[in-house]
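Structure first, then comments.
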Amino acid sequence: MTEIRHEPVAPTRTRWLAPGSDIDAHRHDDHQIVYAARGVLAVTTDAGTWIAPANRAIWVPAGTVHAHRAHGALELRL
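Position in the sequence shown (from 1) plus 125 gives the number in the working numbering.
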């Protein structure tokens, strides 16, 4: 069975990205929920591209190589 890490509060941070800005391809050891608080977010993996408008989120499974792109001014919650 997979070990589950329990934390009292999920760590989050906010990044502001200018229109057309990117976060280069990378991966994480843990699952990630990426939330577009304002603007439109695109997350790209080898399997495709997912779009999240404001107030929507994208689930990125652990180990998945992915990149982010801002469409419009983006307030990104990680």
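Glycine included, each C-beta is placed from N, C-alpha and C at the ideal position. Model, not experiment: these values are computed from the prediction.
What does a CB cutoff of less than 8 Å around residue i pick up in its chain, not counting 5 residues either side in sequence?
i, result
"H191", "A150, H151, R152, V168, T169, T170 and V185"
Quick one: what's got a C-beta closer than 7 Å to residue i's C-beta in the same chain, skipping five residues either side?
i, result
"T189", "R152 and T170"
Within a Cβ cutoff of 6 Å, which residues of the same chain sit near residue i, ignoring the five residues on either side of it in sequence?
i, result
"I176", "A167"
"G197", "P144, G164 and V165"
"A162", "E200 and R202"
Which of helix, strand or coil does DSSP assign to residue i?
i, result
"G188", "coil"
"R100", "The structure shown has nothing for residue 100, since the chain only spans 126 to 203."
"R138", "coil"
"L203", "coil"
"A179", "coil"
Exposed or buried, which one is residue i when buried takes at least 16 other CB atoms within 10 Å?
i, result
"H156", "exposed"
"A226", "Residue 226 lies beyond the residue range present for the chain, which begins at 126 and ends at 203; the question has no answer from this structure."
"A172", "exposed"
Could you tell me if the beta carbon of residue i falls within a distance shorter than 7 Å of some heavy atom in the ligand FAD?
i, result
"I176", "As for the ligand FAD, it is missing from this structure, which has no ligand bound."
Pull up the DSSP beta-bridge partners for residue i, would you.
i, result
"D147", "R194"
"G164", "Per DSSP, none; premise fails for G164."
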